[in-house]
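For the sequence shown, the working numbering gives the first residue as 224, with consecutive numbering after it.
Built from N, CA and C at the ideal position, the CB exists for glycine as well.
Here the structure is a predicted model, which means the values were calculated and not measured.
Comments concern the structure below.
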Amino acid sequence: MQAYRASILWFAPSQGPKVCAHWEDDGLLVVGTNAAGVQVVHAVGSYSSLIEDYPLVPVNHLHGRILAPGFVDMHIHYPQTNVIGSPADGLLPWLENYTFPEEKRFAEPEYSTQAARFFVDELFRNGVTTAMSFASSHHQSVDALFNEALSRRLRLITGLCLMDRNAPSELLNRAAPGNHLDSTEQSLVDSEALIQRWHGRGRLGYAITPRFAPTCSDAQLRGAGQLAEKYPDVWIQSHVAENKHEIAWARALFPASRSYLSTYADFGLMRPRAVYAHCIHLDEDDRYLMRETGAAAAVCPTSNLFLGSGFFDFEGADRVGYKYGLASDVGGGTSFSPFHTMLAAYYVAREGQTKTGLSLNPQHLWWQHTAGAAQALGLDGTGGKPWVGNLLPGCEADFVVLNPQATPLLARKTSLAANLDELLFAMVVLGDDRLVEQTIVA
Ligand code: GUN
Ligand code: ZN
224 MQAYRASILW FAPSQGPKVC AHWEDDGLLV VGTNAAGVQV VHAVGSYSSL IEDYPLVPVN
284 HLHGRILAPG FVDMHIHYPQ TNVIGSPADG LLPWLENYTF PEEKRFAEPE YSTQAARFFV
344 DELFRNGVTT AMSFASSHHQ SVDALFNEAL SRRLRLITGL CLMDRNAPSE LLNRAAPGNH
404 LDSTEQSLVD SEALIQRWHG RGRLGYAITP RFAPTCSDAQ LRGAGQLAEK YPDVWIQSHV
464 AENKHEIAWA RALFPASRSY LSTYADFGLM RPRAVYAHCI HLDEDDRYLM RETGAAAAVC
524 PTSNLFLGSG FFDFEGADRV GYKYGLASDV GGGTSFSPFH TMLAAYYVAR EGQTKTGLSL
584 NPQHLWWQHT AGAAQALGLD GTGGKPWVGN LLPGCEADFV VLNPQATPLL ARKTSLAANL
644 DELLFAMVVL GDDRLVEQTI VA
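Below, the structure written as structure tokens:
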């Protein structure tokens with residue numbers, strides 16, 4: 224066992240967006256190994272009330288620092304680190320001119336390996352301890368990222384990107400030489416082999432990953448849905464309703480479905496643990512479909528602002544009550560930093576605010592990138608599932624050590640905070656990787 228003495232931020236157990244942050248000015252976080260050999264939180268609370276219960280446990284004194292749950296990034300693309308900041312008129316030209324050319328490089332195992340190492344470094348530097356990431360359409364890229372995450376103890380969900388049409392040939396899933404399967408069948412066989420190799424190993428999880436409906440045939444989506452049925456605790460990840468041109472394309476390719484989103488439902492791809500990035504241009508029936516199926520939205524505000532895609536409707540999501548959490552969407556997104564993402568979410572929510580004057584408060588923003596995102600991913604400790612994104616007893620011991628004095632302006636502004644909201648807001652608005660002094664996982 225080990226203990227950490229500092230200020231501590233965590234969240235009350237909660238089923239919805241009405242969140243309550245807990246704050247302990249002089250706190251103690253006690254972590255130790257559970258019966259399964261995983262480092263988890265044993266106790267959290269005030270130093271004075273807890274220290275007598277742990278007289279022999281060594282204490283790390285972190286004066287002036289804040290401990291907070293490690294961040295959960297619900298949607299990111301590890302093959303797009305180099306694509307950050309590539310300007311384009313919108314999603315489809317951005318994919319064609321920058322993203323697809325870079326993803327082709329991930330056919331090379333060495334390229335994937337060095338990219339995976341940089342990517343995991345960057346997540347940790349920014350305080351992200353759980354990530355759901357796309358890989359490329361090459362199985363080598365999936366192995367490279369899982370291998371890196373395994374050795375670094377990152378909680379990671381990824382999977383083979385499924386694309387069997389409407390993309391450059393180097394990125395379409397390939398038939399293996401000398402066997403009888405076509406490329407679509409091969410992509411599904413490869414996905415299943417990767418599930419068996421990686422899902423549930425250490426802190427790793429597999430996601431069945433149709434890139435988006437326009438680059439998948441009916442047969443590929445159907446096969447992905449069958450895999451999802453066969454492996455109910457595997458995740459699903461894709462994109463939906465990000466951009467008007469994309470939506471028109473998807474509607475033209477799947478005219479029998481009621482909407483772009485319901486295309487996925489029609490192929491058995493909406494259920495708990497299915498995560499759809501963006502969900503910007505949904506209608507009310509779509510929102511209810513999200514809720515009824517238990518799927519979750521990954522909200523990607525820096526990406527949506529950068530690519531001019533639109534504004535996620537936070538009020539609509541809360542009114543209907545479907546699950547969502549925050550995500551960077553690097554390289555459409557402009558930063559690995561959860562602070563940048565939370566600030567962008569605040570701007571987006573302000574843009575959409577109605578007469579109620581509601582906008583996201585900092586506790587809610589922070590929750591959406593930690594405990595709320597974990598809940599949306601189904602990593603909330605219920606039913607024997609792993610539990611991340613919070614610092615309650617039983618949570619995996621993933622946390623960040625924040626230094627509110629990290630820059631002169633942060634030091635000046637945080638010292639003026641009169642309450643928790645003001646302190647959290649100062650960090651959301653002024654924070655970046657400099658605020659994250661250490662990231663501690665498991
Ligand atoms: N839609 C399909 N592929 C992508 C991608 O790589 N990034 C984003 N933002 N949207 C997509
Ligand atoms: Zn994406």
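Here's a check: name, in chain order, each residue in its chain whose Cβ is nearer than 6 Å to the Cβ of V280, leaving out the five neighbours to either side.
M224, A226
Using a threshold of 9 Å, state whether the C-beta atoms of S414 and L444 are closer than that.
no
Please state whether DSSP places T304 in a helix, a strand or coil.
helix
Give a single yes or no on whether D552 has its beta carbon closer than 8 Å to a heavy atom of the ligand ZN.
yes
With C-beta atoms as the reference, is F622 less than 9 Å away from L273?
no
Helix, strand or coil for Q409 per DSSP?
helix
Cβ-heavy atom distance between G548 and the ligand ZN below 8 Å?
no
Buried or exposed for H265, going by 16 or more other Cβ atoms inside 10 Å?
buried
Quick check: the stretch 303-318 against the stretch 507-520, are there 3 or more CB pairs under 8 Å?
no
How about G555 and W317: do their beta carbons lie closer than 9 Å?
yes
If we ignore side chains and look at the alpha-carbon of each, how far apart do A436 and T605 end up?
31 Å
Residues near E660 by beta carbon distance below 6 Å, same chain, minus five either side
V624, N626
When the Cα atoms are used, what is the spatial distance from K578 to G533?
Per-residue confidence for K578 stands at a pLDDT of 45, beneath the threshold of 50, marking its modelled position as unreliable; the derived number appears in the next sentence. Going by the C-alpha atoms only, they are around 20 Å apart.
8 Å contact criterion, which D644 and P585 should meet: CB distance rounded
5 Å
Can you give the beta carbon distance from K546 to Q598, rounded, assuming they're within the 8 Å contact cut?
7 Å
Cβ-Cβ distance between Y487 and S461 below 9 Å
yes
Hey, quick one: how far does the alpha helix (DSSP H) through R378 stretch, first residue to last?
Run containing R378: none in the alpha helix (DSSP H); it sits in the beta strand (DSSP E), 378-381.
Taking only the alpha-carbon atoms, compute the straight-line gap between S485 and R494 and give it to the nearest angstrom.
12 Å
Flag this pair as yes or no: are the beta carbons of H501 and A520 separated by less than 9 Å?
yes
Mind checking whether T304 and E371 have CB atoms under 9 Å apart?
no
Sort D312, P302, D248, Y301 by Cα distance to L176 and report the nearest one.
One cannot answer for residue 176 here, as it falls past the ends of the chain, which runs 224 to 665.
Do D655 and N349 have their CB atoms nearer than 9 Å?
yes
Using a Cβ-Cβ cut-off of 9 Å, state whether S558 counts as contacting chain B.
This model lacks chain B altogether; it includes just one protein chain.
Round the Cβ separation of L647 and W589 to the nearest angstrom and send it over; I've been treating them as touching at under 8 Å.
6 Å
What's the gap between the Cα of Y499 and the Cα of Q628?
37 Å
Confirm the yes/no value for this check: CB of A500, any heavy atom of the ligand GUN, distance under 8 Å.
yes
Count the other CB atoms within 10 Å of the CB of E333; is the residue buried (16 or more) or exposed (fewer)?
exposed
In its own chain, which residues sit with a C-beta less than 7 Å from the C-beta of G580, not counting the 5 before and 5 after it?
Below a pLDDT of 50, predicted positions are generally treated as unreliable, and G580, at 48, falls in that range; no measurement from the model is reported.
Spatial distance of W233 from G448 (CA atoms):
37 Å
Own chain residues within Cβ distance below 6 Å of L315, not counting five before or after:
H468
State the CB to CB distance for the pair A358 and P292, rounded to an integer number of angstroms; the pair is presumed to be in contact (CB under 8 Å).
So it is not a contact: roughly 26 Å between Cβ atoms.
Can you tell me where the beta strand (DSSP E) holding Q225 begins and where it ends?
225-234
Return the CA-CA distance between A229 and R288, expressed in angstroms with no decimal places.
6 Å
Can you check which of these residues, S638, M513, I503, is closest to G544 by C-alpha distance?
M513
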